[in-house]
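Colleague:
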Amino acid sequence: EVKLLESGGGLVQPGGSLRLSCAASGFTFTDFYMSWIRQPPGKAPEWLGVIRNKANGYTTEYNPSVKGRFTISRDNTQNILYLQMNTLRAEDTAIYYCARCMGIDYFDYWGQGVMVTVSS
Amino acid sequence: DIVLTQSPALAVSLGQRATISCRASQSVSTSSYNLMHWYQQKPGEQPKLLIYDASNLASGIPVRFSGSGSGTDFTLTINPVQADDIATYYCQQSRELYTFGAGTKLELK
Numbered sequence: 001e002v003k004l005l006e007s008g009g010g011l012v013q014p015g016g017s018l019r020l021s022c023a024a025s026g027f028t029f030t031d032f033y034m035s036w037i038r039q040p041p042g043k044a045p046e047w048l049g050v051i052r053n054k055a056n057g058y059t060t061e062y063n064p065s066v067k068g069r070f071t072i073s074r075d076n077t078q079n080i081l082y083l084q085m086n087t088l089r090a091e092d093t094a095i096y097y098c099a100r101c102m103g104i105d106y107f108d109y110w111g112q113g114v115m116v117t118v119s120s
Numbered sequence: 121d122i123v124l125t126q127s128p129a130l131a132v133s134l135g136q137r138a139t140i141s142c143r144a145s146q147s148v149s150t151s152s153y154n155l156m157h158w159y160q161q162k163p164g165e166q167p168k169l170l171i172y173d174a175s176n177l178a179s180g181i182p183v184r185f186s187g188s189g190s191g192t193d194f195t196l197t198i199n200p201v202q203a204d205d206i207a208t209y210y211c212q213q214s215r216e217l218y219t220f221g222a223g224t225k226l227e228l229k
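Same order as they appear, the protein sequences are chains V and L.
Under the numbering used here, the residue at position 74 of the first sequence is numbered 74, and the numbers go up by one with no gaps.
One rule links them: number in the numbering used here = place in the second sequence (from 1) + 120.
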């Protein structure tokens, strides 16, 4: 059974940093692209970035809205996906999901999400 | 960026057909694939994949859900609508990176 479990969310002050983790199980982690997606309360999901699979060299791609502030990485020995978020702003407040990409196109499994609140 | 436009809400009666549309600002189709996908989200839950590549039913999804379209215009159909289908539905394209529509909230008439 595919499972994705996010952790690391919480309250952070504007300008601060936070690192989210996503523990993956039930599939061969290195075979898949993995993404982070966020959803502000009451709004639509917003794709943040993707880290490709082993066959594609674990390269990354980001939404221009977060490029330079957010970094995605993966620990392929422990099957963990990370999202490092720096210089956080109030508008980064959202539920953050990790998701498995099927091929390079759609997200077939999502974690339950973790809340990040940026406020003083 | 490819922008996806959805109507904010749709009211439907139980047992009737619901048709939810999504229009892309430019084509999301290639010569081989229509790169539009649909998700269902209920309050407090993560989105769930319903349809991929415009018309393929995801695993475990009831056959009352179907998808169609190509180019810039796509449709998700639920027929017949059941009480468990009351949710918000999002389209998502993968032609150029990934973007989501703003969602259509399916409501009971």
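Every residue, glycine too, gets a C-beta built ideally from N, C-alpha and C.
Just so it is clear, the structure is predicted and the values come from calculations on it, not from any experiment.
Determine the burial state of V:E1: buried for a count of at least 16 other Cβ atoms within 10 Å of its Cβ, exposed for fewer.
Modeller: It counts as exposed.
Colleague: Pick out whichever of L:G221, L:H157, L:D193 and L:N176 has its Cα sitting closest to the Cα of L:S147.
Modeller: Of the candidates L:G221, L:H157, L:D193 and L:N176, the one whose C-alpha sits nearest the C-alpha of L:S147 is L:D193.
Colleague: Where do the N-terminal and C-terminal ends of the beta strand (DSSP E) with L:L196 fall, by residue?
Modeller: Here the beta strand (DSSP E) through L:L196 covers D193 to I198.
Colleague: If you drop the 5 nearest sequence neighbours on each side, which residues of the same chain put their C-beta closer than 7 Å to that of L:I171?
Modeller: Closer than 7 Å at Cβ, skipping near neighbours: H157, W158, L177, A178, F185, G187 and L196.
Colleague: CB-CB under 8 Å to L:P128, same chain, minus the five flanking residues each way: which ones, in chain order?
Modeller: Taken in chain order, the residues that qualify are A222, G223, T224 and K225.
Colleague: Taking all protein chains shown into account, decide if L:A203 is buried (16 or more other Cβ within 10 angstroms of its Cβ) or exposed.
Modeller: Exposed is the call here.
Colleague: The beta strand (DSSP E) that contains V:R74, what's its start and end?
Modeller: Looking at the DSSP string, the run of the beta strand (DSSP E) that includes V:R74 is F70 to D75.
Colleague: Within 8 Å of any Cβ in chain L, is that where the Cβ of V:G113 sits?
Modeller: Yes, V:G113 counts as interfacial toward chain L.
Colleague: Leaving out five residues before and five after L:S214 in sequence, what residues of the same chain have Cβ atoms less than 6 Å from its Cβ?
Modeller: L155, listed in sequence order.
Colleague: What does the alpha-carbon distance come out to for the pair L:Y209 and V:R89?
Modeller: Their backbone Cα atoms lie some 28 Å apart in a straight line.
Colleague: From what residue to what residue does the beta strand (DSSP E) around V:E61 run?
Modeller: It spans T60 to Y62 - the beta strand (DSSP E) in which V:E61 sits, taken as one unbroken run.
Colleague: From L:L169 to V:G8, what does the alpha carbon distance come to, in whole angstroms?
Modeller: Rounded to the nearest angstrom, the two C-alpha atoms are 25 Å apart.
Colleague: Would you check if the distance between the CB atom of V:L18 and the CB atom of V:W36 is smaller than 8 Å?
Modeller: No, Cβ-Cβ distance for V:L18 and V:W36 is not below 8 Å.
Colleague: If you check the beta carbons only, do L:A174 and L:S151 fall under 8 Å apart?
Modeller: Not closer than 8 Å, so no.
Colleague: Any beta-carbon of chain L closer than 8 Å to the one on V:Y97?
Modeller: Chain L contact via Cβ: present.
Colleague: Any Cβ of chain V within less than 8 Å of the Cβ of L:P200?
Modeller: No, L:P200 lies away from the interface with chain V (no Cβ there is under 8 Å from its Cβ).
Colleague: On the CB-based measure, 16 or more other CB atoms within 10 Å of its CB, does V:R38 come out buried or exposed?
Modeller: Its Cβ being crowded by 16 or more others within 10 Å, V:R38 is buried.
Colleague: Taking DSSP as the reference, what is the three-state secondary structure of L:T219?
Modeller: Here L:T219 sits in strand by DSSP.
Colleague: Opposite L:E227 in the DSSP bridges: which residues?
Modeller: Per DSSP, L:A131.
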